[in-house]
Each structure stands twice: as C-alpha cells, then as structure tokens.
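Protein chains in written order, with the working numbering: chain A, 17 to 361; chain B, 125 to 288; chain C, 586 to 1245; chain D, 938 to 1242.
Think of the CB as a built atom: it goes at the ideal place given N, C-alpha and C, for glycine as much as any other residue.
Below: one structure, written as structure tokens.
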Amino acid sequence: MILRHSSLEGLLSTLSTGARVYVPAKADGVTKFVLYSSSVRPDFSITNTTMPPKDLLFPQTQHMYRYGTDAEGVPYVEPVHDADDVIVFGMRPCDVRSIECMDDVFLTKGFVDVSYQAKRERLLMVAMACTAPAPTCFCNSMGLCPTAAPLADILLRPAGATDASGDTAYLVEAQSEKGQAALAQWESYKATDTSDADFEPVSAAVSCSLKVSMVGVKDKLEAMFDHPIWEQLSKKCITCGTCTFVCPTCHCFDISQENRLSEGTRFRCWDSCMFTAYTEMAGGHNPRASKSARVRQRFMHKLCFFEQRYGKTLCVGCGRCVEKCPVALDITCLIDQIGAADVAY
Amino acid sequence: MPVNEAPTASAATAATAATAATAFEPTILAFCCHWCTYSGADLAGLNRMSYPANVRVLRVPCSGRVNPQFVLTALNKGCDGVLVCGCHPGDCHYVSGNYFARRRLMAFKRLLEFTGLEPERFQVRWISGSEAGKFRDTVIEVCDQIRALGPYRSGVSDDVSLNG
Amino acid sequence: MSRIGVFICHCGSNIGATVDVPKVVEAARTLPHVVYADDNKYTCSDPGQQSIRDAIEEHDLDRIVIASCSPRMHELTFRKMLHQTRINPYLLEIANIREQCSWVHKDIEAGTAKAIDLVRMAAAKIDRDTPLYTTTIPVNKRALVIGGGIAGMQAALDIADAGYPVTLVEKEPSLGGKMVMLDKTFPTMDCSACICTPKMAEVGTHPRIEVRTCAEVEKVAGYVGNFEVTIREAPKHVDYELCTGCGLCESKCPTKITSEFDQGLGKRKAIYKPFAQAVPSKPTIDAAHCRKINEGKCGVCEKLCPTGAIRFDDEEKRSTETYGAIIVAIGYQLIDWADLYGEYGGRVASPNVITGLQFERLVNASGPTEGHIQRPSDGTEPKSVVIVKCVGSRDPHKGKAYCSRACCMYGAKHAHQYLDKVPDGRCYVFYMDVRTPGKGYDEFYMNTQRDGAVYLRGRVSKIYEQGGKLVCLGEDTLAGATVQVEADLVVLETAMVPADDADRLGSMLGVTRDKDLWLSEAHPKLRPVETNSGGVYLAGTCQGPKDIPDTVAQASAAAMKVCILFSKDELESNAMIAGSDVGLCNGCGACVAICPYQAVTLEEVTRRENSVMVTRTVSNVNPGLCQGCGACTVACKPGAMDLKGFSDEQIMREVEALCL
Amino acid sequence: MSLSTAEALTDALREEARRLLAEGTVAVVVGWEAGRFPNQTTPAFISDPEQAQRLVYGDYCVNTLAKYALGEKAAGKVAVCVRGCDSRGINRMIADNQLLRDEVYLLGLPCSGMKDPATGSLLMKCRTCTEHDAVTYDVLLGPATAAGHDGASADSSAGDSEHVSDEQRFTAVLGIEEMAPEKRRALFDAAFNKCIRCYACRKSCPCCTCRECFVDQLRAGWQGKQNNLAENRFYNITRVFHIGDRCIECGECERACPMGLPLMALNRKMVKDLKSLFNADDAGMTEENSAALGRYDLGDLEEFM
C-alpha cells in the first residue's frame, strides 16, 4: 500500500490506541524513540537516533523479580512481568539488524531470556528505509543495505522524490505474518489515488559514503589477540561507556539487587566492558584490568567473537559510536588498521 | 505477597492513618551532632517540651561528619525533609568540624536549590546543648514548612526508559 | 548473619506512659537478624543488666540494641556491662526513646510509631557494627616546656617537683621572660625581680630540670606520649662547663651595644649577661657584634678568661629527643605601635614617647637610670607625665579589637610609681574604661587617683613636640571637651600581641591560632589549658593577654595536666576513630588538610594490586591523635576514609531504615 | 587562528616533539593527529621521533589532554601539549598529588578557542574560557594569544580583549538561577532523566582521579545501580560536589556527554558560589591546592544560625 506522510499522524494515533507506539523524535535535546502521543512530533528525517531502540527490549534497568520473607518468615519470589504490545515505528535497517543480533543472544542456542522474550514477542517492528545515510553511517560495509530490513515486520520505503504536493509517500510492505496482520489497521490511511505499481521507492543504490573493508578482518583478529595494536589504540580511550550505551547491539548487563528490611528487588542494568568493574571478581582480582585488554575485548567481540558464535558481526554500521566517542576512537579506523596489519590468516 | 505491613509501617504512615488520611505527615530526618544538638534535644525531653513526632534524630559525632551524600540518600529513600544540626561555629567539640560543615553545606544547599529543591527541604541550624527551646522550635517550624510543601518526589520509582 | 537482641526499657512509666512498649517489642521481633526482643522495667538496674547478660548467653546474641534513655546517659554503663560478656562493648546501639520520644510526644500512637522507627534504625545500624578495640600507646614521661618566662618556669618546676624530668627551652640567653624586666608588680608592689629571680634560680638548679638557653624548637613529630622534638641551640661561644661566671670578660669587652633587656634605654657589651641575676649566670657572646668574630681583631675576653672558656668557633647544636608532653609558654610581645600610630609621632616620634615596658626599666633600681625617672632625650626629670592606655588594644581599626587585660592595672601602677618618685609631678592618664577585676585591684586604682593621678576619659588623638614639651591632644568624653595636655614624658600602654614564633610553633604542634594568632585552647570554658593537639598544653600569655597571677595559675594547671598524663604508663586510644582503606585511597591528601589534630599523614605503601607490586602514597590515621570527628570522611571523595562506629554504611542503613 | 599560524605551530610542535623524543628527554608526546573526517582530530600518542609528523595543531583540537599524563607516566616523562585548559588540568592533578611536575614536560600552545568540526563554530566550552594560553609550560611554541577567541569578542582589539567577564562565564548559571524553582526542577529532572550514566563526564575530568569512583562501589545506600531519576540525580549532584571546588572549567565533561546534559552549568554554579561566598581561587592556576571546601575561615558568612 502507499501511505502519504500527511496521513501518518492519523495512523500513529490509531495505532497508539492498541499498543505503545515509539517514533523517532527529539526529546530534551536527544534523538531517540519516543512514546507517541499527540504532543510528540515524530521526525522521520533523523537518520540515526542518538539512542538506539534496543532498550525497548532490553531496558537499561530491568526489574526481574521481587523476593523476601513474609510475616511468617516464609520466603517468596515474585517475577516481574511488564511486557506490553509495542510498535517501533521508523526503525532504520541497521537498528532492525541489531535486533537480529540481540535475538541471537537472548533467544537462541538453548538460552532463552524470559524477559527479553516476553517483550520481543509483543514487538512489531516498522522499519523505514534510509534515503540519506549520515556521514558516519557504514552499514553497507557491514553487509547491510540502507533500504532493506528483512527482519522488519513492515517496511516503509519513501518515494525516490517528493511529489508535487510536497508530501512524501511511502511504499508499505508487510514482511512477516505479524506485519501482514497488523496492516489491517492501516488500510483506512492508505493513499487511494495511486497504486503500488506506479510507485518508485527509494533506490536500492542508496549507499553510505563511509566504507571499510571487512575482508579477512575476523580471521586476522583471531591471530591478533596479543598484537601491539591494542596497546596503541587504547591509549586515547577514556574507558567511559558511551560507545556501549549508544551501541544498538551491546547487550551486556549486570545483575544486582536492592534490599529493604526483609524484601528486595533483583534487577539487571546495562553494563559496559569498558568499565573496570565489569570483570572485577569478588576477591578484587581483575582479569581485564588494563585499558587495552578492555578495548580489545570490545572490538574482538564486535568483529570476531560474535561472528564465531553466531555467524554475523556484532557491528551494524550505524555509526553511533563513531559520532559519540568523546576521543574519536573510531571503529572504522580500527577496521582499516586491522586490514592493513601484516598478519597471516 | 507483601510483608510486615503493620508492625514496620513508618511513623509517617501510622500518623497518616491516625488522622484518617486527612493530612500529609512528613518524615523528617535530623542529623544531630552528639555534643551540642543531640544534648539540646535531650534537654528538650528533660524539660518535657513537646514537638511533632515527625522528626527522627540520627546521631553523628559532629556536623562535619555529615556527608552531603547522606542528604541525597535520605531524600531518595523517602524523607520529605532533612535537617543538619551542630554546635554553633566556634563551639565545635572537634575544633573545626562545623566550620567545614558550614562551607560544605552552604555550597551544597545552593546546589540543591539550583536543581530545583525547595529550600525548606534541606536546612542547617546551629543548636547548642542548652538550646532545648530552639530545638523544639526548629522542629516545629521545619515540620510545618514541609507539611505545607507536601511529599517529596524523588523519582526513585520512575523507571527511566531511554526511549520514551 | 548477625544475631541481634533488642531490649526495650519502660523506665518505670517514663517511657511506658507514652510508648506502647509491648508493641515496640513485637515490632522489633520482626526486624531482620533480630533473634530476641524483650522489655525491661529498668534496663539500667542490676536485674535489668543481668537479664541482658542472661539473654546473650541463652540466645547466643552477638550484638544488642537497647531502647531506653539517651546514650549520653547510659551508653557507658551498658558498654561496661558488655565488658562482662563475650560481646565487644562497641556492638551496642541505643535507641533514644525517652528524651527524644516518650518525653516529648504526648500521643501514644505517634510516640509508639516513632519508637519503632528508632529501634529499627538502631537495629539496621548495629547490623553493620564491627567490634572495635582501643589500642595503647606508651607514654614517655619527660616534658618539654617551651619558653622560660614565669609561665614556663612555674610549669617546669611543678612537673619536676612531681618527679618527672623536664627540658626547658628558652630562646634568650637567660630565663625570666618579661616578668623579670618589670620593676614592681601590682597591686602589692612586690619587687618583681625579688619574686622572679628565686624562681629562676630554682629552675636553674633543679635536678630534674634541664635548661637550654639560646635554644629554639625546630621540628616536632609524633604525638601524645611520643613527641620527637628537634631543638636547635645557637652558639654561645662560651664553654659553660668551664665558665665560672666571674664577669671579667664582660667588664673588659670594648664593644657597647643597645641593651634589649633595657628596652633600648641602656647599653650592654658584646659578651654579656642580659642582666645581673641572669640564669644561667654565665655570659654569651653576641656573634653579630663581637669584633673578634666579625673582624678577627680584639679577643680580649679570650685573653682574660681565667678558665679558658671562650670559644669563638662554637657552632650551633641540634638534638632530637623524645617527650611525652609539651607545654607552650612562649608569652607575648608588645605591639609595634610606631607603624600604627603615626599621630603619636610614629617612627620619628620623640624619644620621650616610651612604652610601658620602657618605663619599667626607667623606674627600676637596676635599670639604666638606676631607678631615677629621666627623660630619654635629656636625662631631666619629667615634671608632667601623660599615660595613654589602650594603644593598640580595643582599637580594631588600627590595632587589635581585644582588651589586653593587664594595662589598666600597670597604667595605674606607672602613675603611682611616678607620683611616688616625683612628688611634685603631675600625671594624666587617658583611658577608655578602667577595668580592675582582681583581688585588691580596684583599691589600687582608687589609691592611684588619691595619689593625684588625673584620669581623663578619652583617646589621645595627637602627640607632637613643641618647645621641648610633648603636646597631647585628646578628648575628655566625660566633660565633653577637647583637652590639651603638655607633658615631659608620654608612656604608651601598648597592646600585647602573640610572640613572633606563635604561628610557626602553632602550625608545627597542630595548635590552631585564633584570628589574632593567639594559640587556641581546646575549649574556652572547660579545657582552658589543653589544645586540640593531644599532649600539647598552653600556659600564660601565648593563649591570650593575662596578668601574672593568671599566668602562674594557668602554668600550674598545665603542669597538672601533664602530671595526669604521666601518671599512666600507657594511653588508651579512642576506639571510634577514622581509618583509611588503602585500596581505595588515591593519596590526594584532602583528609590531611582537614584534620584538626594532624592525625592523618600521607605515607608510601608497597602492596600487591592485581598481581603487581605497586608503591603508592596513601593516607594513614594515627590512632593516638584521631579524636573521631569524621570531618575527613566527608572530604574523601572515594570514601576510602571511614569512621569506625559511625561508618558511611551504618549511617546509610539508618537512613534507609528510617524511610521504610 | 589563521591557516598559516596553525601550520607554523604544527611545524614547531612536530620539531619539538621529534627533538624531545630523539634526545630521550621524554618517552612519549601527547598531542593531536588528524581523524577520519574533515577537520576531525583525535588524541595522539607519539613515542617514535619518526612519527612526530603525525602531530597537528589548529582550530579543531577539541580534546583537553591533561588527564592522559596519568596513564602515560609509567613509561617515562610525558610531553603534553597544553593550552589554558590542559595546563590547568595538569596543575590540578599535581595539587591532588596524582602527578609530579617533574613527570611531565609541557609544550605550551597558544589557543584562540577550538571549533566544532561539524559546524565550524566555536565550541561551547571555549566560549566561556577564561584562560586560553597555558598557565604553566616548559617551552612555549608560538606567541601567546593576544587577540580573543574567534567568537563574540574576536578581533575586538589587540591586547587584553581576551578577558571573559564573570558575567559571560556565569551566563548559563545566572539564567537558571533566575528561573522559578519549579522550572529549575523541571529542567534538571529532564536532564537527569536522560543521563545514561556512561560516566564519560567523570572519565574525561582531570579532577576525577579516584582509584575507584563512589559509583563503582557497591555500598548499600551509596549509589544505586538502577537508572532512574533519583539515582541519576544522586550521581550527577554528587559528581558536581566532588569536583566543584577543584573544577578547572575545561568543559570536557559537557563536551564528552553524549546526551547533552548541562554539566558546566552545574559545575559553574558551585564555582560561582564558592567564589562569591569564600573568595575561592580559580582552580588549577597554580600547583597549590586551594580547594575552597578543604579549608575554612572563621569569618565565613553565617547564614544558618
């Protein structure tokens, strides 16, 4: 179906009657996916929101269960379920790919994370193809296409050009059964004066200007654990958690609890492999005490270990870390350096 | 299943129940130095003065021991107001503790108010061991002020969703 | 897991009347780690204490909460009780449900709820209590007295008489200080030297007092009971072992210099005793003025000395010794009025404008004029004298805001002495107030007025010379008129200010200085001779202006404090003190700067960190010095510094428990 | 600065770095090198004299480098490129006993304010900078900046035009102070709400040199791990309070913050108060530690009574 930009608002308010709908928007100066309401102005021109949508499945703080002892001293445990129907409207292809990576971690290989699963099952991903990748985007190099998002339930592809009225139109395609079913609610908003056949969506040739070569990177990295490159590269890293927290695929967490008298809550929070405490053991020993070891871990995980385990890189080329790293420790430069490194593989 | 409701309910809760939920009763934490204000509070008892039961005294050796982080914790954990009391400057049992406290807390109070905290919610007073009346009056005054302000909203329960 | 016992006291009906004690007991039983809770009619009574001891045994308690009266009342009682059990006496918290609950709240419901909260706070806190132990530090029973004036001498004598060895350090060549410069002492008009010099002799000959003159304290390390003090002695150039004090050298020395002792009014030699009765009664060579030392010529003294005691090549000596206690008795000096009071002539004032201390030398029989009051300018007897009080005192704009306390009396004394010696003279005293609080003081003042001294209430605004006279312009505020008095001599009763050394010594000893740099006592009312540095005491005017009786009284008081300290072989340190976590400390030193007791120092440690040996600087708390105020804990950003018994975690737990 | 100035300074910097490394005076030189994107620079660590030509200096050297001295000093003496902010950071760390002056060799560089590579406009942190040029250095490469920043006061006149008045420096603080309390609360609640606690602010701060930050310690009641308004407020206010009397106002925290929190308004609130209340010195101007909360004066204002 074809959807005109001008009818999006109506669609979003209809959708938000049955689900929590998140749209890209700027809130308090930060671009992210914001819960849609009439006061929210979605901005589909944002190429990549500063904060990825991952927290809709994997919140920064996730309460897991409450526990305690009751008045008779009998212990109890109460799981926390808080999943709602959620629609993410306007995800970029890289963000969709990041969910694919998170699915690998939280749902496959026999390890199912119940709270992730609960949210994931109630998530509808509405993707939006990119027309103008940002200078920091490099998803092509990571094997993605800016105009395709295979895992999305519904894909919106804008027209290659704005039509005479100045109103952008989108080609809407369901890519899953869930998406197909969801489209029923959309019917009343579709443009009736044009048909899919007449529509020329944004070209598949849209491409990122930033390019790196991933050829041999994984294999080289396998041989580079003790390479001096890590020591050099990590010097400028200040070991903040910015890259991990803005990364759509970083999924590490730390479980802790807060107690009050005889009850408490167990929760998990995002953690970052850049933090010293990430690997610190109870006795105080830290197997990854040095900055270089932590920097190595992060990039190894992104470009090597994840691929070994799940067959894809854990970097989707969204460029968020490239943009936000306060010291410009740029993963694309690192990939270039690995490519240039004289390492047999 | 919730636990321990009746016996461990806080005074504020109990007091609220007593007045049939008509009025908000604040929980106020008072850090009092052992040497001056704590003994002033004891003297108020000795003289059978009367003041609202909303205040809970937490004894510290010196007002210089009061870490501003304690104040933030108290507000986060559910106190509606925090009072720090110590010896008058010049009378510190430990020579200079309250001079340091005075500087720290002056700066800290301004910082809290800068971020929007009502000035009444965090106050500092110097109350000597003989100023039982001042202790009572301070408690009454602070309690009235905070009762008028209503409960403090720390945002501890507002889970921050980054997207939303 | 701790095993807490909670004991709620009824205190007869003191608590029971407005707190439902059984309900508090019920609530206490539900608290985490509370394995036993009970009430007691009177917990502090023998049966009450016994029931706690029994419960500790019976229920295997490892810490206890007592909800009763204020900890200021019975904390020590209950700690002593725990001494008789296997529980560490510091594993005790008291919930104050009497003074701060039952006695101030009339509503039983609110009172009970608050009592429950207080018990819950105490239980939360005690859950994180750890056993605390006092440590003992040895006491070196030797005292150091700094300053050989009347205060230092009195303190040294008292301590030595009590049986302890004393070292007395005096920076001048003789003991005696300011008192020995005085002619007579008010109000009794005893001859000052007559009562001071016997003390000097007693100190000089006391078997347990070692006197070091021309000496200064250079460095102090350590703490109460264990001070390491470095003393520097300037060269005297005379071997006191050989010198007999015959005085031949002094009489033949060709160099004459202005005498410090005579306040610039007389002369002395380059090899000299400051005054006849000096102790030690042996001369010193003033190297700055000695011809032999400076020009290589002369050497008369060396040639004449019958015992060969002269040592031109003498050098300064340093020694470091251990003392258990230090008394600071460095006295005062007079304010340098000339810079502050240009209207009195300032630096170019007439020589006939003198200070009270100069007057003392003028009127003294062994002074430069042999007791004849003469004008310094021409040696004539002044027929009119103006005495100006409060020069530099009570004058915040030019001098000091405080009252120097002794000047009213010695101003009256000077008027009396002048009128006594010059019966036809006229004496005017300009004053702001006359303050005579002391035994016989006001009578003395009244007598001076009867002697003929004219008291004019007001400040002198200008003094200038005219026709060989000094014209004093001032105001008589009682008459409401300006007055002009012509005088032959003007005596300025100038303010006392701290000795030059006070600031340096104060910072070395960790004794705070007040805004005027007087050394501060630990408490203005209750600890007047102690300082905030353990083992350091104050005597005399270094603490603030005072007269001789007060100085002597304070000196004896300080000596008594030292004797009390020395009556023990070991000192028990406070158990509730700060301690630093070496692992967290980054050695920034914020705690060092903030500690009023100089208890925190930075030191290097070498330790294994993450499998590597590392040497770093970290802070260290001296348990002998720390008083447990906790100011350092707040200065410590990473929370490495914590206070035992009031730890961050304990306080946080209390806060949390309160908010449930 | 003009292109020719930048080039001349870059040449001087490379030459000095090469010399220092070749002569063995220093083990490493910390400066900037070009990044991937136009005008982008990134911190550079040069230990081989042959690599000195990688160093650049110009209008886009946005990183304040001081804190790198701590990480590099183990290898030997560290040469650090310093402007006002970097040098004050070095002084600050010396005052905090984290660094010895002898462990660093400071290459002073003139600065007329750095620009945002994305927009070409003067960085926020440079607009309110009071000290452009290094306050301490071992060698000065190029003349001190005579003219002001390229921003508002640029080219006004030669001479002392670089002075940023307290009014300019505290503009943001004054603006917030004037707001109604509810508005201030709303402003900071929104800011604290969006904080993701990545700790880039503390990691970039030359005053944050604790071995283990309070937030990393699992202490009951201290700093909770959850991300919510209350905990985020606790973190942000405590961070300010921990560094407020030592803040050198380099603005790195705010620049590093990926979420755009008004961190310098918070820092400067304390700087301003301590200055007006206790006559506090600007931090990092000397190696002395004059942190206003580490001392007191008997005559301090009494408002608590």
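Beta carbon proximity, A145/A to chain C, threshold 8 Å
no
Between the Cα of T940/C and those of E1078/C, M1017/C, P981/C and K888/C, spot the shortest distance and give me the residue it belongs to.
E1078/C
Quick check on the DSSP output: what are the complete beta strand (DSSP E) runs of length 3 or more inside the stretch 814-851 of chain C, in order along the chain?
Scanning the stretch 814-851 of chain C from its first residue to its last, the whole beta strand (DSSP E) runs of 3-plus residues come out as 841-843.
Validate contact between the stretch 705-717 of chain C and the stretch 730-741 of chain C using beta carbons, cut 8 Å, 3 pairs:
no
Would you call the CB atoms of L1046/D and A1006/D closer than 8 Å?
Remark: C-beta atoms of L1046/D and A1006/D do not approach each other more closely than 8 Å.
Of the residues Y997/D, V1017/D and A1229/D, which one's Cα is nearest the Cα of G1050/D?
When each option's Cα is compared against that of G1050/D, the closest is Y997/D.
Is there a Cβ from chain A that is less than 8 Å from the Cβ of E1239/C?
no
Tell me, please, whether the CB atom of T1146/D is closer than 8 Å to any CB atom in chain C?
yes
Would you check if the stretch 981-997 of chain D and the stretch 943-957 of chain D touch, i.e. whether three or more CB-CB distances between them fall below 8 Å?
yes
Suppose you measure from the CA of K1334/C to the CA of I271/A; what does that come to, to the nearest Å?
Residue numbering for chain C in the displayed model covers 586 to 1245; residue 1334/C lies beyond these limits and cannot be assessed.
Using beta-carbon positions only, say whether D119/A and R136/A come within less than 8 Å of one another.
yes
CA nearest to the CA of W222/A, picked from R336/A, A148/A, A356/A and V102/A:
Note that residue 222/A corresponds to Val in the displayed sequence, not to Trp. The shortest Cα separation from V222/A among R336/A, A148/A, A356/A and V102/A belongs to A148/A.
Taking 6 Å as the limit between beta carbons, can you name the residues of its chain near P1195/D, skipping five residues before and five after?
none
Let's see if you can read the secondary structure: which residues bound the alpha helix (DSSP H) around C629/C?
C629/C -> no alpha helix (DSSP H), and no H or E assigned at all.
In the DSSP output, which residue or residues are listed as bridge partners for Y83/A?
V93/A and G280/A
Could you tell me the boundaries of the beta strand (DSSP E) in which L72/A lies?
That residue, L72/A, is in no beta strand (DSSP E); it is neither H nor E in DSSP.
Starting from the C-beta of L1203/D, find all residues in its chain whose C-beta is less than 6 Å away, skip the five residues before and the five after it, and write them out in chain order.
V1177
Would you mind giving the Cβ-Cβ distance between N1173/D and F1129/D, rounded to the nearest angstrom? I have them listed as a contact below 8 Å.
Approximately 6 Å separates the beta-carbon atoms of N1173/D and F1129/D; this is inside 8 Å, confirming the contact.
For chain D, check one thing: does any of its Cβ atoms lie closer than 8 Å to the Cβ of C266/A?
no
Give a yes or no on whether the minimum CB-CB distance between N1195/C and chain A is below 8 Å.
Yes, contact with chain A.
In terms of DSSP beta bridges, what is I870/C paired with?
According to DSSP, which records beta bridges pairwise, I870/C is partnered with I856/C.
Distance cutoff 8 Å, beta carbons only. Does L950/D sit that close to anything in chain A?
no
Counting only C-beta atoms, is A134/A closer than 8 Å to chain C at any point?
no
Residues in the stretch 280-313 of chain A having any Cβ partner in chain E nearer than 7 Å
Structure shown: chain E not included; protein chains present are A, B, C and D.
Beta carbon proximity, C998/D to chain A, threshold 8 Å:
no
Contained beta strand (DSSP E) runs [length at least 3] in the stretch 1066-1090 of chain C, N- to C-terminal order
1066-1072, 1074-1079 and 1081-1083
Contact criterion: CB-CB distance below 8 Å. Does P542/C meet it with respect to chain A?
A question about residue 542/C goes unanswered here, because the residues of chain C that appear run from 586 up to 1245.
Where does D775/C sit, in a helix, a strand or coil, going by DSSP?
strand
Distance check for E1234/C and R1156/D, CA to CA, integer angstroms please.
7 Å
Return no unless some Cβ of chain D is closer than 8 Å to the Cβ of V206/B.
Closer than 8 Å: no.
Counting contacts by CB-CB distance shorter than 8 Å, is D1233/C in contact with chain D?
yes
Which partner residues does E801/C have in the DSSP bridge list?
R817/C
For the beta strand (DSSP E) holding W250/B, just list the boundary residues, first then last.
F246 to W250
Residues near I354/A by beta carbon distance below 6 Å, same chain, minus five either side
V233 and K236
Please list the segments of the alpha helix (DSSP H) lying wholly inside the stretch 1112-1182 of chain C, counting only runs of 4 or more residues, in order along the chain.
1133-1151 and 1175-1179
Length of the line joining the Cα atoms of G1088/D and M1061/D
Note on G1088/D: pLDDT 40, under 50, position unreliable in the model; the coordinate value appears next. C-alpha separation (whole angstroms): 10 Å.
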